[in-house]
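> Residue numbers (my numbering): 1201 to 1378.
Cβ atoms here follow ideal geometry from the backbone N, Cα and C, with glycine treated the same way.
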């Protein structure tokens, strides 16, 4: 009887230990896509506060076009979350644009490649998103306009098992905050 109980417990541990983890996105963190997909199939989306967009300002179509050209993914080295030097010029352009367009807020998603545990990659993805957010705040973007979320390795941009693909997955991605 004791052996059967131990075998059942071992079976439960094996089955639950091998299960994958789904990432639940809170309703307040889900994005509303008001843009078109770019040539790589990614969404470059934005939240627009119409009350803050004055007459003669950018139209939604113009905002979408500018977002598609400016808000590219920020890529990271393996197991790193510090903003790479080669990405800082791009982030300065993003910050300048956000400072000029005060009715726009964004959600920064942190992503990782497939290597590592779910827990590790969720934490690393969070650090990547926070690092991008903190850098934009240091450039003057108000923190309340920048939300973050981590998807770890759950939403890859590329599904191949090679370094070139993994680099595409180690990213911070900009989407709408509502």
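(1) Using alpha carbons as the reference points, say which of 1322, 1330 and 1280 lies closest to residue 1307.
(2) Roughly how far, in whole angstroms, is the beta-carbon of residue 1324 from the beta-carbon of residue 1312, given that I think they are within contact range, below 8 Å?
(3) Go ahead and pull the three-state DSSP assignment for residue 1307.
(4) Is the beta carbon of residue 1346 sitting closer than 8 Å to the one on residue 1295?
(5) Using the three-state DSSP reduction, which class does residue 1340 fall into: helix, strand or coil?
(6) So what's residue 1277 in DSSP terms, helix, strand or just coil?
(7) For residue 1305, count the other beta carbons within 10 Å of its own beta carbon; 16 or more makes it buried, fewer makes it exposed. Which is it?
(8) Below 6 Å CB to CB, which residues in the same chain sit around residue 1337 once its five sequence neighbours on both sides are set aside?
(9) So, using beta-carbon positions, are residue 1349 and residue 1287 closer together than 8 Å?
(10) Take residue 1374 as the anchor and find which of 1316, 1272, 1302 and 1359 has the nearest alpha-carbon.
(11) For a test of the three-state rule: what should DSSP assign to residue 1363, helix, strand or coil?
(12) Ignore the nearest five residues each way along the sequence and tell me which others in residue 1292's own chain have a CB closer than 8 Å to its CB.
Taking the definition as stated:
(1) Locating residue 1307 in the chain shown gives position 107, counting from the first residue. Here the closest residue by C-alpha is 1330.
(2) For this step, residue 1324 is matched to residue 124 along the chain shown. For this step, residue 1312 is matched to residue 112 along the chain shown. Contact holds; Cβ gap of about 5 Å.
(3) Here residue 1307 refers to the residue found at position 107 of the chain shown. Strand, per DSSP.
(4) In the chain shown, the residue the question calls residue 1346 occupies position 146. In the chain shown, the residue the question calls residue 1295 occupies position 95. No, these two residues do not count as a Cβ contact at 8 Å.
(5) On the chain shown, position 140 is the one that residue 1340 refers to. It is coil, neither helix nor strand.
(6) As a working note, residue 1277 is residue 77 in the chain shown. Three-state result, residue 1277: coil.
(7) Looking up residue 1305 in the chain shown gives position 105. Its Cβ being crowded by 16 or more others within 10 Å, residue 1305 is buried.
(8) Reading the chain shown from its first residue, position 137 is the one you call residue 1337. Closer than 6 Å at Cβ, skipping near neighbours: 1343.
(9) Counting from one through the chain shown, the residue named residue 1349 turns up at place 149. Counting from one through the chain shown, the residue named residue 1287 turns up at place 87. The answer is no: Cβ separation not under 8 Å.
(10) Counting from one through the chain shown, the residue named residue 1374 turns up at place 174. It is 1272.
(11) Sequence index remark: in the chain shown, residue 1363 carries index 163 (1-based). In the structure shown, residue 1363 sits in a helix (DSSP, three-state: H, G or I).
(12) Residue 1292 sits at position 92 when you count from the first residue of the chain shown. Only 1339 meet the Cβ criterion.
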